[in-house]
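Report on one structure; see the data block that follows.
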Amino acid sequence: MTAFLRNTWYAAAWSTDLRESQLIGRTIVDLPILLYRDAAGSARAIGNRCPHRFAPLDRGRLVDGVIECGYHGVRFDRSGTCVLIPGEDGRAATNMRVPAYSVVERDQIVWIWTGEGPADASRIPDVSDRLANPKFAFVTGSTHVKASYELLADNLIDPSHGQFLHGTVLKREGFFEAPHEVRQEGSTISSERVIRDVEAPAAYAPYLSDRNARVDWFTRAQWDPPGIFRLDNGVTPSGKSRDEGIRRSGLHLLTPETATTTHYFYAAVRNYLLDDPKADETSLQWQHTVFEEQDKPMLEAVQSMMGTEDFASLHPVLVAIDQPAMRIRSTMRRLIAEEQRREPTAVT
Amino acid sequence: MTAFLRNTWYAAAWSTDLRESQLIGRTIVDLPILLYRDAAGSARAIGNRCPHRFAPLDRGRLVDGVIECGYHGVRFDRSGTCVLIPGEDGRAATNMRVPAYSVVERDQIVWIWTGEGPADASRIPDVSDRLANPKFAFVTGSTHVKASYELLADNLIDPSHGQFLHGTVLKREGFFEAPHEVRQEGSTISSERVIRDVEAPAAYAPYLSDRNARVDWFTRAQWDPPGIFRLDNGVTPSGKSRDEGIRRSGLHLLTPETATTTHYFYAAVRNYLLDDPKADETSLQWQHTVFEEQDKPMLEAVQSMMGTEDFASLHPVLVAIDQPAMRIRSTMRRLIAEEQRREPTAVT
Amino acid sequence: MTAFLRNTWYAAAWSTDLRESQLIGRTIVDLPILLYRDAAGSARAIGNRCPHRFAPLDRGRLVDGVIECGYHGVRFDRSGTCVLIPGEDGRAATNMRVPAYSVVERDQIVWIWTGEGPADASRIPDVSDRLANPKFAFVTGSTHVKASYELLADNLIDPSHGQFLHGTVLKREGFFEAPHEVRQEGSTISSERVIRDVEAPAAYAPYLSDRNARVDWFTRAQWDPPGIFRLDNGVTPSGKSRDEGIRRSGLHLLTPETATTTHYFYAAVRNYLLDDPKADETSLQWQHTVFEEQDKPMLEAVQSMMGTEDFASLHPVLVAIDQPAMRIRSTMRRLIAEEQRREPTAVT
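Chains as they are written, first to last, in this note's numbering: chain H, 149 to 496; chain S, 149 to 496; chain W, 149 to 496.
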């Protein structure tokens, strides 16, 4: 039995991926969920398992904004209430209902509250700094990974593996000599390294006004619960602010599917070539190379090596670079424990 | 541990599918079974696991009407008795034997008795009304479904899902307004609806002598244990008997493979275009469209949603249309319980 | 929990298959193992699971003869000792280590000692009679089988199944009439049959100096623990020694991967057409036909029939031809029990 954080907002989909008339069945923190848009176009989420005969509702259809089960035609509205049972003369059994989940669409993300209690809209992660910011252009995508969200979090908060797993494209002289700054403010954890006063790497130089200028190269990762990552990589003319340089500022969102599988949503954000479709394509290709070809096979191999064993029970030998990842893990353990103390029956 | 009804006759194969010299390994109610024809062409069934070293006998061959294991050449006759052990000078260990199952071939079906005690030939289901009746033509087929026989039975006894799952081809105005007649006589359970005095649907009109005649449209399903279904769909000139109209009268036989998988045998029976090979082809295409493309994906999705959970433990919310299906389930529970009381060790 | 013999040498690879710069991850007796060649070209084996974050080391690379994990760059030498942790200023945690396994390369085989205690080089199987013998030519290969090493051993020690499973190519008149000689000397077990004074079979006749000579046909299998098989098949001019005839003298080595899967290494050895590449090709084709097309599907079907049940618990009905196989099984049981008595915690 895996404990997930439940009283929180997870990214359920990119807004653009949830199209009108489309029913998406998606397991989130082990809950079978149906995502759709109602008659007004608003994103909605209800349980995906019909309580009548357990058909997945995503095999049904939308009729006047309510969900009709594809097997026997039982209909549910956005509150999960049954509004029609064919052959029942308009009656609808009061126990014929599915759970309803609060959904808010913001910054092109469909956020879902998976908790038992009332949703707390004030806690929706604000990612407008990345996704609603005139300084940035971005492209989005998503993928499914056969590894736990914890292994993905370990990966995203740690820029050091770039020197090895992504060595062909990310290796930098002086990386490990640069001070490793790990910070925690409340539940926000960050990890950063800056290599100062070097030649601009070939990957950034073309976008600098003076491609021969000396630069500071930086790599930064920041996490907020339950799985919000802001990655920042780039170069600035030596001593200048980051916005004066070339920034690649990813937003990466992890949503647990099961204990060992994860939905991964990413936005590749940049502060250069803002209206260049070719640059969009390059960003997506880069994400594909780095994640699909390098991170994902490694993460799935690690999960496979671990089997269903608990991380701690395998006695990992931890080192300095693990510090931010361990802070994430301990913060999540604390948040989950707090939640379980408040609602002892809510998490199974 | 799933309890199946064991002291009963199941369809093991269509006669035409069990060809001379062919060895078919097929699991039925969790029993590994070998089907073949002996030297006289009679259908036979013995256990499929060689007791010597557990080779599946279906990888062997027929030698003079007895089965020779393909691994070490041990031979078994139709009673499961070992008749030759190579290298043993003609001796055959008396404990070298496989179970033998009574098999009767009737109405083009190979029926098998899976019980422990002697087979009761008087209980072989009589389906000659469908398969040996000059009023009807038919074509047969079979498929394998990753869903329990109970989910398949729920499906076959319930014409209402046709209005949704098969809506593109079976939707009828007035379906739910027509009285739903559920009958039980002994262990025979039927479900029927008639929509009276309507225009003939396009699917039937061409075969009526007067295609503009008003008709009664009917849909009927009848079940007998353990999984014998007679489906009847068609139209009759208003007020006339069913044989005076156009009937599509399927025979559907369910044979459990395991707790969550089923062998499904079907005959598409009709009372029109009796000698028309094109109509045979149309019947099979219809069965393919309706079952393989619509029912089967839904049933397998439902099984997947249920996992290995018991139906009752998931607390289905039952409604009026479920009545015949629930009668089947309770009848089967009763029959299995009776059998287990008689032979407490027979069912595992 | 399967008990394997652990304090023994297993074949881990053919020398030619472990190429310079290559990292082979291979599970042996349930242990995840990394095989590679160090800077001096010597075969080495260490644990394949990085103790830092459980990445499989075979996804890493060789740097100056030491293994660098492909994820975070932790390095291990051939003793399993960590020699570098990136970002740790040259320090290496003393508990950052993987097991090291003794490896000896001899007769073109990479032998590995999987025991806990010190490796006993004097016990490395000597197979030079087959693989370093000027009388013989040979070709090698390997395959992976989804069946336990015990089922493979049953198969290799028993020539009788050749009369059935390989009947198309190996059937011989008089096979079962020929005396079956089963011998045991210490832990060496052999099984032999000779059919005397017959015409040379077509498969051997072309290689005899007098292809019309009467011959003795023989088939012999010999086992040494834990899974060393010497198979000998051939013909000799009647009454002459085996080296005066045509011999096909396979060496077959079984290495358990898991309880139900096996690495199988084979050498097809012959005493004729010694320098003929065409004969090499014919030998490999023969091995493919007999094993990949006939034995392997049968063995995997038997394993599948047995599931995860223990052989004895299924109550096999044993016969005369099983005698050598049963001696192997009882010898292995005795050796494993002896080992467990000596090191009660070593085998899990």
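Beta carbons: idealized from backbone N, C-alpha and C, even for Gly.
Quick one: list the residues of chain W neighbouring Ile305/H, beta-carbon separation under 9 Å, in chain order.
Neighbours of Ile305/H on chain W: none; closest Cβ ~13 Å, over 9 Å.
What residues in the segment 238-259 of chain W bring their beta carbon closer than 7 Å to a beta carbon of chain H?
Ala241, Asn243 and Met244
Verify the CB distance criterion: does Val450/W have a CB-CB separation below 8 Å to chain S?
yes
Span of the beta strand (DSSP E), counted from its first residue to its last, around Asn381/H
Ile376 to Pro385
Nearest to Thr410/W by CA position, among Lys294/W, Glu321/W and Arg396/W, is which residue?
Lys294/W
Within 8 Å (strictly less), CB to CB, does Pro464/S reach chain B?
Absent from the structure: chain B. Protein chains present are H, S and W.
Residue nearest to Asp424/H in terms of C-alpha spacing, selected from Lys319/H, Tyr355/H, Thr456/H and Tyr219/H:
Tyr355/H
Just the C-alpha distance for Asp428/H and Thr175/H, rounded to the nearest angstrom, thanks.
30 Å
Chain-ordered residues of the segment 426-451 of chain S with a beta carbon less than 8 Å from chain H:
Pro445, Met446, Ala449 and Val450
Leaving out five residues on either side along the sequence, give the residues of the same chain with a beta carbon under 6 Å from the beta carbon of Trp371/H.
Ile305, Ile337, Phe377 and Ile476
Run down chain W in chain order and give the residues with a C-beta less than 9 Å from the C-beta of Glu236/S.
Phe324, Val467, Ala468 and Ile469
Pull up the CB-CB distance for Ile181/S and Ala193/S, whole angstroms please, since I reckon it's below 8 Å.
5 Å
Of the choices Gly387/W, Pro234/W, Ser163/W and Phe324/W, whose alpha-carbon is the least far from that of His309/W?
Phe324/W
Report the option in Arg226/H, Met244/H, Asp255/H and Arg154/H whose CA atom is closest to the CA atom of Leu462/S.
Met244/H
Which complete beta strand (DSSP E) runs does the segment 259-331 of chain H hold, if anything under 3 residues is left out?
285-293
Report the rounded CA-to-CA distance for Leu153/H versus Pro374/H, giving the unit in angstroms.
7 Å
Listed in chain order, which residues of the segment 216-230 of chain S have Cβ atoms closer than 9 Å to some Cβ of chain W?
Glu216, Cys217, Gly218, Tyr219, His220, Gly221, Val222 and Cys230
For Ile233/W, decide whether its Cβ has a neighbour in chain H, counting only Cβ atoms nearer than 8 Å.
yes
Does Thr456/H come out as helix, strand or coil in the three-state DSSP assignment?
coil
Figure out for me which residue from Val177/W, Asp237/W and Leu299/W has the closest Cα to the Cα of Arg201/S.
Leu299/W
Can you tell which of Asp443/H, Asp358/H and Val417/H has its C-alpha closest to the C-alpha of His292/H?
Asp443/H
Can you have a look at Asp302/H and say buried or exposed, based on whether 16 or more other CB atoms are within 10 angstroms of its CB?
buried
Any beta carbon of chain H sitting closer than 8 Å to that of Leu402/S?
no
Is it buried or exposed for Ser386/W, if we count other Cβ within 10 angstroms and need 16 for buried?
exposed
Going by DSSP in three states, Asp168/S sits in which element: helix, strand or coil?
According to the sequence displayed, residue 168/S carries Glu and not Asp. In the structure shown, Glu168/S sits in coil (DSSP, three-state: anything other than H, G, I, E or B).
Nearest to Ala241/H by alpha carbon, out of Lys283/S, Pro282/S, Gly289/S and Val465/S?
Val465/S
According to DSSP, is Ile469/S helix, strand or coil?
helix
If you measure between the beta carbons of Leu279/H and Gln256/H, is that distance less than 8 Å?
yes
At the level of alpha carbons, what is the spacing between Gly213/S and Asn196/S?
16 Å
In whole angstroms, what is the alpha-carbon distance linking Arg331/H and Leu483/H?
18 Å
Give every residue of the same chain whose Cβ lies closer than 7 Å to the Cβ of Asp186/W, excluding the five residues on either side of it in the sequence, and list them in chain order.
Arg192, Gly213 and Arg226
Which residues in the same chain as Ala161/H place their Cβ atom closer than 7 Å to its Cβ, once the five residues preceding and following it in sequence are excluded?
Ile172, Leu183 and Val258
Bridge-paired residues (DSSP) for Glu105/W
Since the first residue of chain W shown is 149 and the last is 496, residue 105/W is not available in this structure.
What is the rounded straight-line gap between the Cα of Pro247/W and the Cα of Phe286/W?
34 Å
Quick check: what's the CA-CA separation for Met453/S versus Arg368/S?
29 Å
Could you confirm whether any beta carbon from chain S is found closer than 8 Å to the beta carbon of Leu300/W?
no
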